[in-house]
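Notes follow the structure.
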Amino acid sequence: MPFAFALPSGVNAALLAAFAGLGVFASAATVHERSWGITAAALVHSAGGVLAIIAADMITLLIAWELLTFSAYFIIRTRSRRLPTAASPRAERAGVWYIAAQISAAALFFIAIVLHGMRTGSVMITVLQPQAQGFMFLAILIKTAMMPLHGWLVGGYTEASPTGSIILSVYATKVGVYTAARLLAVSPGSFPLLSYTGAVVAVVAVANALLQRSARRLLSYHIISQVGYMLVGVGVVSVASNRDPGAVAGLFHAVNHIIYKALLFMTVAAVMHRVGHDDLRAMGGLRRAMPLTFVCAVIGAAAISGVPYTSGYASKELLKQVADPVPGYLLALASAGTTLSFIKFIYLIFMRRPPVAADQPARMRHQPRSTPPIRIAMVTLAALSILIGTVPHIVPGVPAIDYYAPSALLMGVLPLVLGAGIWAIARKRIVTGLDRHAPRAPIRSAVLVVTRSPLRLLRATHRLNPQLSVGIAVSAAVILTFLLVLFA
Amino acid sequence: MAALASGAAHLAAVTITTARVGETGGLTYSLGGWVPPVGIVLVADALSVVFLVIIAIGHVSFLLHGMAEEKRSRKGIWILTEILVAALSGIALAGDLFNLFVFVELASIASVGLIAHKQQARGAGAGFVYLVFASISGSFLLIAVLLLYSATGVLTIAEIAAGVAVMPRTAYLATIGLLLASFGMKFGLIPLHFWQAPSYHAAGSSVSALLSGTAMKLYVYAVVRLLFHMMRVPVHLPEAALLITALGCVNIIGGHLLGLAERDLKRLLAYSSVAHAGYILLGFGAAASGRMVAAGVTAGLLHVVFHAVMKSALFYSGRRLIVAADSSAIAGLRGSARRDRIAFCAFFLASLAIVGVPPASGFVSKWRVAQSSAAVAGVWPVVVVAAGTVISMVYYARVFHSSLREGGSAGRDARPAGGPWRHAGLLTAATLGLATLALGFVGSNVEEILGPAARALAELDRYVLLVRGGM
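For the protein sequence lines, the chains are Y and X, in the order given.
Going by my numbering, the first residue of the first sequence is number 1, and it counts up by one from there.
Going by my numbering, the first residue of the second sequence is number 1001, and it counts up by one from there.
The following block contains the structure:
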């Protein structure tokens, strides 16, 4: 088997740096859960991310995918020793579904590699042969959690321990985006299918995020939405190298997203360690108790919404430059929704007067403040978000265009104003609407419904009495022989 | 001690044979100096040597494991194991059909004993079912032998090979069907696989490791040897490639779905064996087309070797989990991972390997199988292999899921034997588990080692020349 490595250059190098740095920060943060299993799994998980970027052949890339999958399984199902939650069957089920989804993506990738290898005789990373593109496209849809194939992400990230979600938020989907940038070139009838898929999902996922009442479910839906942004960039053109503007824009957004999304998950982890749960309806008023967390959360929310002089603004600006008009408008719409959603997020956790029940948070084992690793990480990531927003081209491979031209600023601020305006009008409805939404898992239910009765039937046919099974076997053997004879 | 001595003697014999075959390219031995076609001939070429090595490894790990784990009261199991191993070696070496038939029957009888030995009621039932299946399989083989003998007048495989070209087409096809059906019953071709799950369930995990890890491979060997060297399928009937590939696909999907539906760990592993017989068939099926002969044969052999290691590792480590939880139901495995961490790690590694997660060994062989099969039958076998990967991952994930759960009652003591050998069982499981991972890294080296065997199988005339040259 070939094991080939290559050091990346340009924006891929930035992605590698983000993966490595966040691996250190997030693994250090997991120490807080006092369960060495999570930390060990987190280190393996970040190693998987790094391996994906330095892989020069597809088999090594597939190995990186699998490393991510199986370490994530243990991250999801290992309980925090800090939180008073017992082992939950939901987390265990989420782990199994996570593996099932990821192995499906890996299996599709496997088909693509075999077909590509058959045509070219090589498995080095390059744009795949046309026969393999369809399978790879499906693999990427699963790996990047494009709705409705997102159940594994939302389930897994929500059921993990608080700091476990941080590390999970960094790698799996972004490795999918990176893989798409290197291998995928789907354009049936020169229509940028991946780009449009990403744009539509970006909007739909934001709409779903608005309905969520768990902080981590909300952030998970925003991951899906932001990955949609990345795919808009990555899917624009058939990709030849990382110099390609579309891929650069998509991967630049990935780098920024890794930083601010990890930052947001860290603030939620800090909040969860304090109040013991992540239910937005029972939070509030944490601004005074957790000032540093508050400031960091605001910076993260600003970055993800695309406020000027934050990293999110810069990469969205670059995306707008490369995207087709229709995905561009959809992304602007998604940005308005993101703004709205994060105003809600900040308001519910930090700003509003705490609801009555939240005055007595679930009992915590003496840790009123977040630990130094999380605090250092939060401050660093917040500073990075602003630095990248101010001077975007310090990120390797990112072009030094004029990010703050007046027209660009206007178009960038418009969605923000729209989002804030909707919030001003509809705040009550949005906050009270949280109680009515019940999460569903359509794909999961469909899989269960479709497989249940056939499997039951299969099991029944194999509890036959011996005479019958011998009879079936003998007749089958005779039929097989006769079929062959008839073949003459 | 007697067991150890027999294991050591077996290893020594196999090593000498391997070395001699490596030097000379193949050995023949005519019993009593009576040369074929009248006399009986034993043939050891590079292909048989691969299977002799598989038998030796299966035998020795069974002995090491059994030294620690088997209750003293089950003495009969040792005698039956030795008979089975001898019979399997006979299958690997038999140079004529009559002896092959005798050795297959001998192996069946020993297997029935092993299956029925552990549990009274269930064991007797499962053993009887296997006995019926084995005798039907035997009669199919006998009819095939009759057809061949009436057409060619000889029983030596190499001599028949010269005669099949002039055989009537109907008889030729019927013989192929009979051979496939006969050995299909033994290695678990769907829908001839019904005996497997009850038998493995009743037999206990260590016997199942021997039956599934080792014995199953020899039946595959027999049918491949007969179809390639005797019936010369790649020359006379390349269309059979599609039939064999289709049978393989059915086995993969059917076996994995049955595993998914199953609620008992031992039965689950039995169905996984059914599925993996399918992967092996895909490899040899591609070779039977006469186009991808070398690649297909190598892929099939690679999966044979790796599956022998993976399935043995799964049965031995799975046995420890079952003992730790005192239940072989998947839902009843609670807490077993915590009570026997090493066994769980071995099981985890081995199941990742058998699912085909890179870089473990199962991935390498599935990769080769998919490649060679795609060249012959297009994209569908690749899709089937990938779907099998997904389904099997889900059912192994269910096993992890329940054995990692906390709680459950403490099982029986995992070490009834005690004494200096008490860790041998764990060591066997752990070594095999690690081997499933390590073999993946040296996959290409294993392919090289299998090269002579693949050539011995792929170059059809070589076998005939070997036997005739020995006359």
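Built from N, CA and C at the ideal position, the CB exists for glycine as well.
These figures come from a predicted structure and were not determined experimentally.
By alpha-carbon distance to residue 1357 of chain X, the top candidate from Y:34, Y:69 and Y:304 is Y:69. Distance from the Cα of residue 1406 of chain X is smallest, within the candidate group X:1393, X:1341, X:1459 and X:1162, for X:1341. By the Cβ-count criterion, residue 103 of chain Y is buried, with 16 or more other Cβ atoms from all chains shown falling within 10 Å of its own Cβ. The alpha-carbon of residue 148 of chain Y is positioned some 15 Å away from that of residue 196 of chain Y. Residue 1433 of chain X places its beta carbon less than 8 Å from that of residue 1350 of chain X. Straight-line spacing of the CA atoms in residue 422 of chain Y and residue 340 of chain Y works out to 7 Å. The beta carbon of residue 106 of chain Y lies closer than 8 Å to those of 62, 65, 66, 69 and 139 in the same chain, with the five residues before and after it left out.
At the C-beta level, residue 266 of chain Y and residue 1374 of chain X stay beyond 8 Å of one another. In the three-state reduction of the DSSP assignment, residue 283 of chain Y falls in the coil class, being assigned neither a helical nor a strand state. Contact with chain X is absent for residue 43 of chain Y, since none of that chain's Cβ atoms lies less than 8 Å from the residue's Cβ. Taken through DSSP and simplified to helix, strand or coil, residue 1130 of chain X comes out as helix. Chain X has no Cβ within less than 8 Å of the Cβ of residue 247 of chain Y. Sequence-distant partners of residue 1279 of chain X (beyond 5 residues in either direction) whose C-beta falls short of 6 Å from its own C-beta, in its chain, are 1303 and 1369.
Here DSSP, grouped into helix, strand and coil, assigns residue 404 of chain Y to coil. Of all C-beta pairs linking the region 1230-1241 of chain X to the region 1270-1279 of chain X, fewer than three are shorter than 8 Å, placing the two stretches out of contact. For a cut-off of 8 Å, the C-beta gap from residue 1361 of chain X to residue 1286 of chain X is around 20 Å, too long to register as a contact.
For residue 1029 of chain X, the enclosing beta strand (DSSP E) covers residues 1027-1030. When only Cα atoms are considered, residue 1168 of chain X and residue 1045 of chain X end up about 30 Å apart. With a cutoff of 8 Å on beta-carbon distance, residue 1093 of chain X and residue 1055 of chain X are scored as not near each other. Using a Cβ-Cβ cut-off of 8 Å, residue 1177 of chain X counts as an interface residue toward chain Y, since at least one Cβ of chain Y sits closer than that to its own. Listed as beta-bridge partners of residue 55 of chain Y by DSSP are Y:5.
Under the 10 Å beta carbon count, residue 2 of chain Y is surrounded by fewer than 16 other beta carbons and is classified as exposed. Secondary structure of residue 1044 of chain X (DSSP, three-state): strand. If you compare the alpha carbons of X:1154, X:1096, X:1300 and X:1102 with that of residue 1083 of chain X, the shortest gap goes to X:1102.
The beta carbons of residue 392 of chain Y and residue 297 of chain Y sit no closer together than 8 Å.
Contact residues of the region 122-134 of chain Y toward chain X are absent (C-beta to C-beta distance below 7 Å). In this structure, the straight-line span from the alpha carbon of residue 1343 of chain X to that of residue 1319 of chain X is close to 9 Å. Sequence-distant partners of residue 1226 of chain X (beyond 5 residues in either direction) whose C-beta falls short of 6 Å from its own C-beta, in its chain, are 1179. For residue 1251 of chain X, the enclosing alpha helix (DSSP H) has its first and last residue at 1240-1261. Here residue 159 of chain Y is buried, its C-beta having at least 16 other C-beta atoms within 10 Å. Partner residues in the beta bridge of residue 124 of chain Y, as assigned by DSSP, are Y:57.
Residues 1284, 1300 and 1457 of the same chain have their beta carbon placed closer than 8 Å to that of residue 1224 of chain X, with the five preceding and five following residues left out of the count. By the C-beta density criterion, residue 351 of chain Y is exposed, having fewer than 16 other C-beta atoms within 10 angstroms. Nearest Cα to residue 1076 of chain X within the set X:1038, X:1003 and X:1021: X:1003. Here residue 1460 of chain X is near residue 1235 of chain X, since their CB atoms are less than 8 Å apart. Linking residue 128 of chain Y to residue 1468 of chain X through their CA atoms gives a straight-line distance of about 50 Å.
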